[in-house]
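**Q** Handing you this structure, nothing more for now.
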Amino acid sequence: MSAPPGVTFETLKKDIRLEWRSKDAINSMLFFALLVVVVFSFSFDPNAEESRLIAGGLIWVAFLFASVVALNQTWARELRNQVLDAYRVSPAPANSLFLAKAVGNFIFVTVLEALMVPLFVVFYKLRVLGPGWQLVPVAVLGTWAIVVNGTFFAAMSLRTRSREIMLPLLLFPITIPALISTVEATTTILVGDPTTSAKFWIVLLATYDVMFTIACLALFETVLHAE
Amino acid sequence: MRKAFPILGILTAIFLSYGLYLAMVVAPREQTMGDVQRIFYYHVPSAWTAFLLFFINFIASIQYLVRRNPVSDKVANWTIITLAVVCCIGSVVAAVVPDLKAALPQGTEPSAIGTTGVIIAIAYFVIRKYFNLEAVDALAVTTAEVGVVFCTVVLVTGPLWARPVWGIWWTWDVRLTSTLVLWLIYVSYLILRRFSSSGQTPVMAAALAVFGALDVPLVYFSIWIFRTQHPQPVIGGGGSIDPRMMHVLLMNWLAFLCFAYLVCWSRYRLEIIKREVEEAQALESLLEPRSVAR
Chain E
7 MSAPPGVTFE
17 TLKKDIRLEW
27 RSKDAINSML
37 FFALLVVVVF
47 SFSFDPNAEE
57 SRLIAGGLIW
67 VAFLFASVVA
77 LNQTWARELR
87 NQVLDAYRVS
97 PAPANSLFLA
107 KAVGNFIFVT
117 VLEALMVPLF
127 VVFYKLRVLG
137 PGWQLVPVAV
147 LGTWAIVVNG
157 TFFAAMSLRT
167 RSREIMLPLL
177 LFPITIPALI
187 STVEATTTIL
197 VGDPTTSAKF
207 WIVLLATYDV
217 MFTIACLALF
227 ETVLHAE
Chain S
2 MRKAFPILGI
12 LTAIFLSYGL
22 YLAMVVAPRE
32 QTMGDVQRIF
42 YYHVPSAWTA
52 FLLFFINFIA
62 SIQYLVRRNP
72 VSDKVANWTI
82 ITLAVVCCIG
92 SVVAAVVPDL
102 KAALPQGTEP
112 SAIGTTGVII
122 AIAYFVIRKY
132 FNLEAVDALA
142 VTTAEVGVVF
152 CTVVLVTGPL
162 WARPVWGIWW
172 TWDVRLTSTL
182 VLWLIYVSYL
192 ILRRFSSSGQ
202 TPVMAAALAV
212 FGALDVPLVY
222 FSIWIFRTQH
232 PQPVIGGGGS
242 IDPRMMHVLL
252 MNWLAFLCFA
262 YLVCWSRYRL
272 EIIKREVEEA
282 QALESLLEPR
292 SVAR
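Protein chains in written order, with this note's numbering: chain E, 7 to 233; chain S, 2 to 295.
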C-alpha cells in the first residue's frame, strides 16, 4: 500500500517527457475541446446573459469529454512492448504507479483547461460576477475528481473488448455527483448571486475527491493484478 | 432443494394473484389521485426489491474483494462487527440525548440506527457462511441482473403514475434522479461484465460495484441540495398512509420478494451450471488437446 515517492516521481517524469516529445494526448484533447466549444456555440448562439447561465455546464462537459481522450491513452501507452506486465512483476508498489499516472493526467488536463478557458471567455463573452478566486479550488478539485476515477477506470477498461468505448461508459455514471458539484459551483460563481454561495459545492467536491482517492488507492493493486 | 422450486413457484403465483386482487379491488380508492394511485402497489414494492438486491450485490462484491486475502477478510469481519456495535451504542446515545434525537430525520426512531447496523452485519455473515468465493460472484451477477430488471420496472411505472398526478412524465427530483443514476451505474456494471475477458471479470465488476455504492449517497446528497435551490414540483411527501393501503402494499411486497427470489434462484443455478460446464470443457480440452481443433 505504501507509495515510495521515488517510483512515483520517476514514472511521472517519464510520462511528462513522453508527452512533451510526442504531444499526443494534449493535441488531441485540445482539438477535441475546441470542436466541442465551436459546436456548442453554433447550436446555442447565446447572448452574454444566457451564456453565463449555461457556460459552467458547457465548460465542464467539454473538459470531461476531452479528458477521456487523454485517459484512454494513459494505459494503452504501457501495453506496447509489455511495459505493463513488467510493472506487474516489478517490486514497485502498484499505488505509486497509479499516483504517477493520476498526477500526470491531472497536469495534462490542467494545461488543457488553462489553454481553453481564454477561448471560452472570448467565444461566450463571459465575465465573472461572483468571487472569481473560488474558481481555482473548483477547477482543481473538479479536475482531480475526473482524473482520479478516470485513471482507475482506464486501467479497468484496458482488459475489456472495445476499451475506448468502455471508459466513458464506466466513468460518466460515477462522475455525476462531481459533475453536478463543479457545474453548480462554476455557475454560482459566474452568476454571482449574493444569496447563494459556492462553498457548499466545494466542500462536497472535496468529500468526493477524498472518498474516491482512497477507494482508488485501496483497490488499484487488486485491479492491476487481476488475472 | 430442487423439489422446493415448483412449490415456491406455485406459492409465488398465488401471492402475486392475491396481491393483484388486493391492489385492484380491496385497497381503498385514493381521495385525490383516484384509481391511478393503485400503480403504487407495484411501483413501491419493485423499488424496495431492487434496492434490496443492489444491497446484496454490494455485500457480495465486497466479500469477493476481501475474501481473496485472509488478512483483509479478518479486517472486514471486525469492521462489520464494530459497525454493528457502534450503531447499537449510537441508538442508545441518541435515545438518551434529546438534542441528537431531534437531529434525526422526521419519523425516525433512534433504535432504527441500531437495527440497521445489526441487519447489515447479519446479512454480511449469512452470505459469508453460505456462499464460497466463487458462489459470491455468481450471487453478485444474479442480484445485479434481477435488480436492474426491478429498477427498470420502477423507472417505467414512475412516469406512468406521475403523468396523470403531477402533469409531467419526469422531474429531476431527488428520488427519481438517484434511482436513475443507480440504474445507470448497474447497467454499466452489466456492460462491464459482458465486455471484459472472463478471468478478470469478477474482480473488476466487484470494484465497480464498490465505487457505485460509494457514489449513491453523494448523488442523493448533491441532488437534494441542487433541487432545493430550484423550484420544485409538488411531491407527495409526508402525510400518513391508510393502514389498509399499508397492508396491501406489504402483501404485494411479499409477493414481489417471492418472485424476485424465484428468478434469482433460477438465474443463480444457471450461472453455477454455466461455470461448471466451462470448467469441464476447459478440463476436457486439457486432457485431449486435439478435440479443440475440431
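Heads up, the beta-carbon is just placed ideally off N, CA and C, and yes, glycines get one too.
Taking only three categories from DSSP, how would you classify residue 201 of chain E?
**A** coil
**Q** Apart from the five residues on each side of it in sequence, which residues of its chain come closer than 7 Å, Cβ to Cβ, to residue 44 of chain S?
**A** 155, 158, 159 and 162
**Q** Does DSSP classify residue 35 of chain S as helix, strand or coil?
**A** In the structure shown, residue 35 of chain S sits in a strand (DSSP, three-state: E or B).
**Q** Counting only the same chain and skipping the five closest in sequence on each side, list residues whose C-beta sits under 6 Å from that of residue 137 of chain S.
**A** Answer for residue 137 of chain S: 61, 64 and 65, listed in chain order.
**Q** For residue 205 of chain E, count neighbouring Cβ atoms within 10 angstroms of its own Cβ and tell me buried if that reaches 16, exposed if not.
**A** Looking at its Cβ environment, which holds fewer than 16 other Cβ atoms inside 10 Å, residue 205 of chain E is exposed.
**Q** Report the residues of the region 163-182 of chain E with a CB closer than 7 Å to any CB of chain S, ordered along the chain.
**A** The region 163-182 of chain E vs chain S, Cβ under 7 Å: 165, 166, 167, 168, 172, 175, 176, 179, 180 and 182.
**Q** Under a three-way DSSP split, which group does residue 172 of chain S fall into?
**A** It is coil, neither helix nor strand.
**Q** State the Cα-Cα distance for the pair residue 212 of chain E and residue 22 of chain S, rounded to the nearest angstrom.
**A** 51 Å
**Q** Return the residues of the region 184-200 of chain E that lie within a Cβ-Cβ distance of less than 7 Å from chain S, sorted by chain order.
**A** 186, 187 and 190
**Q** Identify whether residue 286 of chain S lies in helix, strand or coil by the three-state DSSP scheme.
**A** Residue 286 of chain S falls in the helix class under three-state DSSP.
**Q** Tell me which same chain residues have a C-beta within less than 7 Å of the C-beta of residue 190 of chain E, skipping the five on either side of it?
**A** 207
**Q** At least one CB of chain E closer than 8 Å to the CB of residue 208 of chain S: is that the case?
**A** yes
**Q** Would you call the region 83-102 of chain S and the region 20-34 of chain S in contact, with 3 or more CB pairs under 8 Å?
**A** no
**Q** Between residue 34 of chain S and residue 13 of chain S, what straight-line distance do the alpha-carbon atoms span, to the nearest angstrom?
**A** So the alpha carbons of these two residues sit roughly 30 Å apart.
**Q** Just to confirm, are residue 149 of chain S and residue 188 of chain S a CB contact at a threshold of 8 Å?
**A** Cβ distance < 8 Å, so residue 149 of chain S and residue 188 of chain S count as in contact.
**Q** Could you pull out every residue in the same chain whose Cβ sits closer than 8 Å to the Cβ of residue 66 of chain E, ignoring the five residues on either side in sequence?
**A** 148, 185, 188, 189 and 192
**Q** Would you give the residue range spanned by the alpha helix (DSSP H) that residue 167 of chain S belongs to?
**A** 134-167
**Q** Cβ of residue 35 of chain S less than 8 Å from any chain E Cβ?
**A** no
**Q** For the pair the region 80-89 of chain E and the region 158-177 of chain E, tell me if three or more CB-CB distances fall below 8 Å.
**A** Segments in contact, yes.
**Q** Take the Cβ of residue 140 of chain S as the centre, count every other Cβ of all protein chains shown within 10 Å, and call the residue buried at 16 or more, exposed below.
**A** buried
**Q** By the 10 Å Cβ neighbour count, where 16 or more other Cβ atoms means buried, how is residue 146 of chain S classified, buried or exposed?
**A** buried
**Q** With a threshold of 16 other CB atoms inside 10 Å of the CB of residue 23 of chain E, please say whether the residue is buried or exposed.
**A** exposed
**Q** Throw me the rounded Cβ distance for the residue 206 of chain S and residue 221 of chain S pair, which I believe falls under 8 Å.
**A** With 8 Å as the limit, residue 206 of chain S and residue 221 of chain S do not qualify as a contact, their Cβ atoms being about 23 Å apart.
**Q** With a threshold of 8 Å between beta-carbons, can residue 122 of chain E be considered close to chain S, or not?
**A** no
**Q** Take residue 170 of chain S and list the residues in its own chain whose beta-carbon comes closer than 8 Å to its own, dropping the five residues that flank it on each side.
**A** These residues qualify, in order along the chain: 160, 163 and 164.
**Q** By Cβ distance below 7 Å, which residues in the same chain neighbour residue 143 of chain E in space, the five residues on each side in sequence not counted?
**A** Hits under 7 Å: 208.
**Q** Residue 46 of chain S and residue 196 of chain S look like a contact to me (Cβ under 8 Å); what is the Cβ gap, rounded to whole Å?
**A** The beta-carbon separation of residue 46 of chain S and residue 196 of chain S, rounded to 32 Å, does not stay under the 8 Å limit for a contact.
**Q** Quick one: is residue 296 of chain S buried, meaning 16 or more other Cβ sit within 10 Å of its Cβ, or exposed?
**A** Not covered by the structure: residue 296 of chain S. The range shown for chain S is 2 to 295.
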